[in-house]
Amino acid sequence: MTLEKISERAIRKHLDTREIGRRIVYRPAVSSTMDVALSEIEQGAAHGTVVVAGTQKKGKGRLRRNWISPPGGVYLSIILYPPPTMLTSLTMVACLAVLDCIQDIGSLRANIKWPNDVLIGGKKVAGVLAQSGKTQDGRIYAVVGIGINANSDVSGQPEIADSATSLIQTAGKEVSLLALICGLLANFEKYFSQLSRGEPVWQQWRDSLVTLGQQVHVKSGHATYSGVAESVDSSGDLLLRLADGTLREIPAGDVTLRT
Ligand code: BTN
């Protein structure tokens, strides 16, 4: 694997955005870009600041999982101060941005497993982790973390070898990390602006979900529900049709296909 030189300067030079990435913080290695972003927020980081890392020692996934982060992947966290009404749509914005940049860079068709796993050929290639809170002076912040398995071959990693893939494995060639990062941020800005103008993104996100119409098991908290994933609502909740005919609204969870 040839490791492209990524730096704040290189990203800025290639980036064509107005607010997302107006400040780039690049670190070759971090514990997690989420932690760096939170400490940047404590120090007053501006809206649109992006923390990018070459590798993460303790990458965080959803549901307290680890995100394996060897060199060759994209690991970044975007700092935002959005209106509270936009919070539930930020993971949709991120998923759509990932789909577009993957399509742009490698002509690869990806789709989304509810709520925010990006898949190619049924295997996970990227994930989104969003968290939000309030600053000491009461401003609402959000950190949107995005990880893409790009130039790392995940088949050598036993924990994820069966369920995950990477762009290099699916495209059969290396992709430019710089182009991927800049494309991702540009597409994020596109969907974030759409949302800021009051135009929802959830229908586009819904239309990219592979989960709908499938018989699934959904683990949510301590409960597991089984049924048909019928639809999603505008805040991203899954509407699951249970065997007794009732419709259950599930705000967050982990889906597996029923076999
Ligand atoms: C998931 O699918 O479980 C979410 C994975 C999110 C991983 C990204 S990599 C950049 C950012 N920093 C982290 O520690 N996690 C997110």
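Quick note on the numbering used here: the sequence shown kicks off at 45 and runs consecutively. Backbone N, C-alpha and C define an ideal beta-carbon position, used for all residues, glycine too. On a predicted model such as this, the values are computed, not experimentally measured, just so you know.
* To do: Report yes if the C-beta of VAL262 is less than 7 Å from at least one heavy atom of the ligand BTN; otherwise report no.
  => Along the sequence shown, one-based indexing puts residue 262 at 218. Checking the Cβ of VAL262 against the ligand BTN gives no.
* Asked: Under the criterion of a Cβ to heavy atom distance below 7 Å, does THR77 qualify as lining the ligand BTN?
  -> Stepping through the sequence shown from its first residue, residue 77 is reached at position 33. Yes.
* Proximity winner among SER151, ILE64, ALA174, relative to LEU107 (alpha-carbon distances) -> Locating residue 107 in the sequence shown gives position 63, where the first residue counts as 1. Nearest C-alpha to LEU107: ALA174.
* On a CA-only basis, which of ARG67, VAL187, ILE112 is nearest VAL137? Give me that one, please. => Walking along the sequence shown from the start, residue 137 turns up at place 93. Nearest to VAL137 by C-alpha distance, out of ARG67, VAL187, ILE112, is VAL187.
* **Contacts around ARG285, its chain only, beta-carbon distance under 7 Å, and the 5 residues preceding and following it disregarded** => Within the sequence shown, numbered from 1, the residue matching residue 285 stands at position 241. The beta carbon of ARG285 sits closer than 7 Å to those of GLY271, VAL272, GLU274, LEU291, all from its chain and outside the five residues before and after it, given in chain order.
* **Bounding residues of the alpha helix (DSSP H) (the contiguous stretch that carries GLU52)** => Position 8 of the sequence shown, counted from the start, is the residue given in the question as residue 52. Element bounds for GLU52: 52 to 58.
* What residues match up with GLY191 in a beta bridge as DSSP calls it? -> Sequence index remark: in the sequence shown, residue 191 carries index 147 (1-based). Answer is TYR119, GLY171.
* **C-alpha gap between THR303 and MET130, whole angstroms** => Translated into the one-based positions of the sequence shown, residue 303 becomes position 259. Translated into the one-based positions of the sequence shown, residue 130 becomes position 86. For THR303, the predicted model reports a pLDDT of 47, less than 50, meaning its position is unreliable; a value from the coordinates is still stated below. Straight across, the Cα-Cα distance linking THR303 with MET130 is about 36 Å.
* **Nonlocal neighbours in the same chain, by C-beta distance under 6 Å from THR135, ignoring five residues either side** => Position 91 of the sequence shown holds residue 135. Leaving aside the five residues that flank THR135 on each side, the residues in its chain whose CB is nearer than 6 Å to its CB run, in chain order, ASN160, VAL172, ALA174.
* Hey, how far is the Cα of TRP111 from the Cα of ASP288? -> In the sequence shown, counting from the first residue as 1, residue 111 sits at position 67. In the sequence shown, counting from the first residue as 1, residue 288 sits at position 244. Answer to the nearest angstrom: the Cα atoms are 37 Å apart.
* Kindly identify the DSSP beta-bridge partner or partners of ILE164. => Stepping through the sequence shown from its first residue, residue 164 is reached at position 120. In DSSP, ILE164 forms a bridge with LYS167.
* Cross-strand partners of SER264 (DSSP beta bridge) -> Residue 264 sits at position 220 when you count from the first residue of the sequence shown. According to DSSP, SER264 bridges with ALA267.
* Asked: Using DSSP with H/G/I as helix, E/B as strand and the rest coil, what is THR303?
  -> Taking the sequence shown and counting its residues from 1, the one referred to as residue 303 is at position 259. In this predicted model, THR303 has a pLDDT of only 47, less than 50, meaning its place in the structure is not dependable; the value taken from the coordinates is given anyway. Here THR303 carries a coil assignment [DSSP, helix/strand/coil].
* **C-alpha gap between ALA215 and LEU239, whole angstroms** => On the sequence shown, position 171 is the one that residue 215 refers to. On the sequence shown, position 195 is the one that residue 239 refers to. Going from the Cα of ALA215 to the Cα of LEU239 covers about 31 Å.
* Asked: What do you reckon, are the CB atoms on VAL95 and SER113 nearer than 8 Å?
  -> Within the sequence shown, numbered from 1, the residue matching residue 95 stands at position 51. Within the sequence shown, numbered from 1, the residue matching residue 113 stands at position 69. Contact flag unset, no.
* the ligand BTN heavy atoms versus the CB of SER270: any closer than 7 Å? -> If you number the sequence shown from 1, residue 270 lands on position 226. Answer for SER270: no, Cβ out of range of the ligand BTN.
* Candidates GLU233, HIS261, ILE164, LEU253, of which the one nearest THR93 by Cα -> Taking the sequence shown and counting its residues from 1, the one referred to as residue 93 is at position 49. Taking only the C-alpha atoms, the option nearest THR93 is GLU233.
* Is TYR185 near the ligand BTN, in the sense that its beta carbon is under 7 Å from a heavy atom of that ligand? -> Translated into the one-based positions of the sequence shown, residue 185 becomes position 141. For TYR185, the distance from the CB to the nearest heavy atom of the ligand BTN is not below 7 Å.
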